[in-house]
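Chains as they are written, first to last, in the working numbering: chain A, 1 to 303; chain B, 304 to 562. A virtual CB, placed ideally from N, CA and C, is assigned to each residue, including glycine. The structure appears below as structure tokens.
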Amino acid sequence: MADLSVNIGGLKLKNPVMTASGTFGYGLEFSDFVNLEDIGGIIVKGTTLKPREGNPYPRMAETAQGMLNCVGLQNKGVDYFCEHIYPQIKDIGTNMIVNVSGSCCEDYAECAARIGELERIPAIELNISCPNVKQGGMAFGVTAEGAASVVKAVREAYKKTLIVKLSPNVTDIAGIARSVEDAGADAVSLINTLMGMAIDIEKRRPVLSIATGGLSGPAVKPVALRMVWQVAKAVKIPVVGLGGIMNARDAVEFLLAGATAVEIGTANFIDPAVTVKVARGIDEYLERHGCSSVREIIGALEA
Amino acid sequence: MRKYILDLTVAANEHLREGYALLKLTQGRPLPSMLPGQFAELKVEGSETTFLRRPISINYVDEEKNEVWFLIHEVGDGTRKLGAMAPGDTLSVVMPLGNGFTMPASSDEKVLLVGGGVGTAPLLYMGKKMADMGCRPSFLLGGRSAGDLMQLDMFAELGDVYLTTEDGSAGEQGFVTQHSLWGEGQRFDRIATCGPKPMMVAVARCAQERGIDCEASLENMMACGLGACLCCVENTVEGNLCVCKEGPVFNTKKLLWQI
Ligand SMILES: Cc1cc2nc3c(=O)[nH]c(=O)nc-3n(C[C@H](O)[C@H](O)[C@H](O)COP(=O)(O)OP(=O)(O)OC[C@H]3O[C@@H](n4cnc5c(N)ncnc54)[C@H](O)[C@@H]3O)c2cc1C
Ligand SMILES: Cc1cc2nc3c(=O)[nH]c(=O)nc-3n(C[C@H](O)[C@H](O)[C@H](O)COP(=O)(O)O)c2cc1C
Ligand code: FES
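Here you go:
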């Protein structure tokens, strides 16, 4: 077996496979299907300072090789997380990472600070890229200044590993990644969902309750791969790649493009055990190519 | 309750009528235990337009043959591909999912199970589990015409069957809520219903007028089926709840329906 461990801005992962926020619950929902400790990191549901009810139903539309969602960050707020959820997940033997969202810099910073007090949460992923909430969310992630301002505020309030999740709904993702790096991020992850839409032609109405939603799944993979490749060349901090990964081959593509680790999202809905299969498949790939460590293939794309 | 990803084999696929398939799946050894009202997520192979699994209710469990049955109404490409499966084919099934109907507390409880269309599917297994505990449920089943009413022999073995059809070709003419049984002063302790939403709302109204507890099984669109994605929510008196995890069965008092 090859050495699968990687390091993301001070955070050691036993293998480069993590779960994408919003697609894996708090991990517990999948404990019948996979040994959670075999996953490199579990990024739990988006958490905000105050509880949020999210958007009305319908929140989902199936598309060709993917799906749209407009869940809108439904969660019970950071206090509930700390009191009720943290005790249930703190002893899971892997990196439990909280995805933090907000609608202003102060909210982001306060939410991050609260999570920072939790001993067994070694990192947060800052979601500055949610396309499904009116204020904030993606608004921060679409300009270099907006992204830098929220990352600076959180950096001051949060001392552990800070991963910043980028929006693909921008013209220059490399520029935004650089400004996030300068503002103090330890790593970037990308991509969040691509803004999209679905229409019911019989009813002549949008399928989703708020008309638009975020596209995920294999349909977005080529776009995600291109962005990861561009960002990996533009920054020195580690890049976490995601978007449409369904199997080990997809994951290896992201690693070759420059990602130090990957996240798996929508694929969990089709195969709830996909994460551990991808980790195993990466190992097989390494063996086949005579690599003793996964680090040998990170960014190893030949020009 | 522990959930599984199982590769099951098609033991039989019976076309009960045009557009409806009864898929009987087995793994040749005992299946996990399942509760009436729970469902499974079936993976569809060979459909270009079907990306996600399809949620389908547990219709029946044949414990002797180790079979789980799914009654499938072919409404789109996913269900059509499921309906076209042949004996010997395998498919991936995640189950059992969701909460299930409340079982009677004792064998003398009088329970009315009201189903419409393919919504009758989970009521068969509910009836079987009730019969196993010595209860005899009443089934009130409705359809547009006689052909819509399926598996009637099996229902009749488990309880008393009352039928309605819109065209009068079987049972009483009209909707389930117009059946004379509601007027007979028949006293039920509990009602459970599954079918098109307007039907379930009307049944919930009948139940409310009579002061009877009523449960309804919802069919919101799902992505994960596991309570992880929050796509399938129903707005309730407790806020948004996942139909796949906190449901699909809800006491109608919890729902914000205009009853
Ligand atoms: C908990 C649960 C239990 C279910 N049990 C059964 C069952 O026992 N037997 C059965 O035949 N069906 C059942 N359904 C409905 C079934 O899941 C859908 O009909 C199926 O997903 C449609 O897939 P498709 O690819 O054939 O159609 P699609 O191409 O996806 O859609 C075709 C049409 O069906 C409608 N549709 C799609 N999904 C649903 C849904 N979830 N509810 C209602 N309409 C839908 C679409 O709006 C569209 O008009 C259940 C659904 C849920 C959530
Ligand atoms: C139902 C659903 C909910 C999501 N919720 C969140 C969220 O709360 N926070 C976040 O940063 N990303 C969220 N995402 C985006 C995913 O984490 C991921 O970035 C995206 O789906 C692309 O990866 P995939 O193609 O592997 O799913 C969500 C995605 C889906 C499908
Ligand atoms: S379908 Fe994902 S939470 Fe219900």
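Boundaries (first-last residue) of the beta strand (DSSP E) holding residue i
{"i": "residue 309 (chain B)", "result": "307–320"}
{"i": "residue 502 (chain B)", "result": "Run containing residue 502 (chain B): none in the beta strand (DSSP E); it sits in the alpha helix (DSSP H), 500–512."}
{"i": "residue 87 (chain A)", "result": "Run containing residue 87 (chain A): none in the beta strand (DSSP E); it sits in the alpha helix (DSSP H), 86–89."}
{"i": "residue 97 (chain A)", "result": "95–100"}
{"i": "residue 497 (chain B)", "result": "493–497"}
{"i": "residue 38 (chain A)", "result": "Premise fails: residue 38 (chain A) is in no beta strand (DSSP E) and is neither H nor E."}
{"i": "residue 208 (chain A)", "result": "Run containing residue 208 (chain A): none; DSSP gives neither H nor E here."}
{"i": "residue 363 (chain B)", "result": "363–365"}
Partner residues on chain A for residue i, Cβ-Cβ distance less than 7 Å
{"i": "residue 316 (chain B)", "result": "Correct list: empty, because the minimum Cβ distance to chain A is about 23 Å."}
{"i": "residue 540 (chain B)", "result": "Within 7 Å Cβ-Cβ: nothing; residue 540 (chain B) doesn't reach chain A, min ~13 Å."}
{"i": "residue 524 (chain B)", "result": "58, 60"}
{"i": "residue 371 (chain B)", "result": "Result: empty, since nearest Cβ-Cβ is about 17 Å, beyond 7 Å."}
{"i": "residue 397 (chain B)", "result": "272"}
Delimiting residues of the alpha helix (DSSP H) encompassing residue i
{"i": "residue 430 (chain B)", "result": "424–435"}
{"i": "residue 258 (chain B)", "result": "Outside the shown range of chain B, which is 304 to 562, sits residue 258 (chain B), and nothing can be said about it."}
{"i": "residue 463 (chain B)", "result": "Premise fails: residue 463 (chain B) lies in the beta strand (DSSP E), 463–468, not in any alpha helix (DSSP H)."}
{"i": "residue 372 (chain B)", "result": "From DSSP, residue 372 (chain B) is part of no alpha helix (DSSP H) but of the beta strand (DSSP E) over 370–376."}
Candidates the options: closest to residue i by CA position
{"i": "residue 25 (chain A)", "options": "A:47, A:227, A:211, A:103", "result": "A:47"}
{"i": "residue 102 (chain A)", "options": "A:128, A:113, A:95, A:279", "result": "A:128"}
{"i": "residue 391 (chain B)", "options": "B:314, B:531, B:551", "result": "B:314"}
{"i": "residue 266 (chain A)", "options": "A:165, A:192, A:28", "result": "A:192"}
{"i": "residue 225 (chain A)", "options": "A:298, A:237, A:207, A:254", "result": "A:254"}
{"i": "residue 515 (chain B)", "options": "B:433, B:415, B:438, B:426", "result": "B:415"}
{"i": "residue 139 (chain A)", "options": "A:123, A:125, A:121, A:166", "result": "A:166"}
{"i": "residue 462 (chain B)", "options": "B:373, B:342, B:441, B:359", "result": "B:441"}
{"i": "residue 16 (chain A)", "options": "A:78, A:23, A:180, A:258", "result": "A:258"}
{"i": "residue 553 (chain B)", "options": "B:363, B:436, B:381, B:519", "result": "B:519"}
{"i": "residue 560 (chain B)", "options": "B:545, B:525, B:507", "result": "B:507"}
{"i": "residue 311 (chain B)", "options": "B:351, B:537, B:373", "result": "B:373"}
{"i": "residue 460 (chain B)", "options": "B:450, B:551, B:429", "result": "B:429"}
{"i": "residue 338 (chain B)", "options": "B:493, B:551, B:501", "result": "B:551"}
{"i": "residue 412 (chain B)", "options": "B:388, B:380, B:493", "result": "B:493"}
{"i": "residue 491 (chain B)", "options": "B:386, B:308, B:510, B:536", "result": "B:510"}
{"i": "residue 54 (chain A)", "options": "B:472, B:543, B:395, B:539", "result": "B:543"}
{"i": "residue 21 (chain A)", "options": "A:243, A:247, A:294, A:281", "result": "A:243"}
{"i": "residue 410 (chain B)", "options": "B:547, B:437, B:513, B:349", "result": "B:437"}
{"i": "residue 237 (chain A)", "options": "A:182, A:85, A:66, A:202", "result": "A:182"}
CA-to-CA distance, residue j to residue i, given in whole angstroms
{"i": "residue 274 (chain A)", "j": "residue 251 (chain A)", "result": "12 Å"}
{"i": "residue 301 (chain A)", "j": "residue 531 (chain B)", "result": "35 Å"}
{"i": "residue 1 (chain A)", "j": "residue 261 (chain A)", "result": "18 Å"}
{"i": "residue 57 (chain A)", "j": "residue 303 (chain A)", "result": "46 Å"}
{"i": "residue 114 (chain A)", "j": "residue 28 (chain A)", "result": "22 Å"}
{"i": "residue 45 (chain A)", "j": "residue 477 (chain B)", "result": "47 Å"}
{"i": "residue 562 (chain B)", "j": "residue 404 (chain B)", "result": "20 Å"}
{"i": "residue 431 (chain B)", "j": "residue 363 (chain B)", "result": "8 Å"}
{"i": "residue 505 (chain B)", "j": "residue 370 (chain B)", "result": "34 Å"}
{"i": "residue 368 (chain B)", "j": "residue 272 (chain A)", "result": "28 Å"}
{"i": "residue 111 (chain A)", "j": "residue 81 (chain A)", "result": "11 Å"}
{"i": "residue 309 (chain B)", "j": "residue 401 (chain B)", "result": "17 Å"}
{"i": "residue 109 (chain A)", "j": "residue 126 (chain A)", "result": "10 Å"}
Integer-rounded CB distance, given that residue j should sit under 8 Å from residue i
{"i": "residue 75 (chain A)", "j": "residue 41 (chain A)", "result": "Contact doesn't hold; Cβ gap of about 19 Å is too wide."}
{"i": "residue 497 (chain B)", "j": "residue 418 (chain B)", "result": "5 Å"}
{"i": "residue 70 (chain A)", "j": "residue 208 (chain A)", "result": "5 Å"}
{"i": "residue 162 (chain A)", "j": "residue 150 (chain A)", "result": "That belief does not hold up - the Cβ atoms of residue 162 (chain A) and residue 150 (chain A) are roughly 11 Å apart, past 8 Å."}
{"i": "residue 68 (chain A)", "j": "residue 196 (chain A)", "result": "5 Å"}
{"i": "residue 235 (chain A)", "j": "residue 34 (chain A)", "result": "Wrong, their Cβ atoms sit about 31 Å apart, outside the cutoff."}
{"i": "residue 484 (chain B)", "j": "residue 474 (chain B)", "result": "Actually they do not touch by this definition, with Cβ atoms about 10 Å apart."}
Contact list for residue i against chain B, beta-carbon separation under 9 Å
{"i": "residue 88 (chain A)", "result": "Those within 9 Å of residue 88 (chain A) in chain B number zero; the least Cβ separation is about 14 Å."}
{"i": "residue 64 (chain A)", "result": "351, 352, 354"}
{"i": "residue 281 (chain A)", "result": "Those within 9 Å of residue 281 (chain A) in chain B number zero; the least Cβ separation is about 17 Å."}
Chain A residues whose Cβ lies nearer than 9 Å to that of residue i
{"i": "residue 346 (chain B)", "result": "270, 271"}
{"i": "residue 543 (chain B)", "result": "53, 54, 56, 57, 74"}
Residue i CB to nearest heavy atom of ligand 4 below 8 Å
{"i": "residue 357 (chain B)", "result": "Among the ligands present in this structure, namely ligand 1, ligand 2 and ligand 3, ligand 4 is not found."}
Proximal chain B residues relative to residue i, where beta-carbon distance stays under 7 Å
{"i": "residue 29 (chain A)", "result": "529, 530, 531"}
{"i": "residue 83 (chain A)", "result": "Within 7 Å Cβ-Cβ: nothing; residue 83 (chain A) doesn't reach chain B, min ~18 Å."}
{"i": "residue 195 (chain A)", "result": "Within 7 Å Cβ-Cβ: nothing; residue 195 (chain A) doesn't reach chain B, min ~17 Å."}
{"i": "residue 41 (chain A)", "result": "None at all; the shortest Cβ gap to chain B is about 16 Å."}
{"i": "residue 67 (chain A)", "result": "354, 355, 526"}
Where residue i meets chain B, residues with beta-carbon distance less than 8 Å
{"i": "residue 32 (chain A)", "result": "305, 306, 307"}
{"i": "residue 71 (chain A)", "result": "532, 533, 534"}
{"i": "residue 217 (chain A)", "result": "354"}
Chain-ordered neighbours of residue i on chain A, where CB pairs are closer than 8 Å
{"i": "residue 303 (chain B)", "result": "The structure shown does not extend to residue 303 (chain B), since chain B spans only 304 to 562, so no value can be given for it."}
Contacts of residue i in chain C (Cβ-Cβ under 7 Å)
{"i": "residue 22 (chain A)", "result": "Absent from the structure: chain C. Protein chains present are A and B."}
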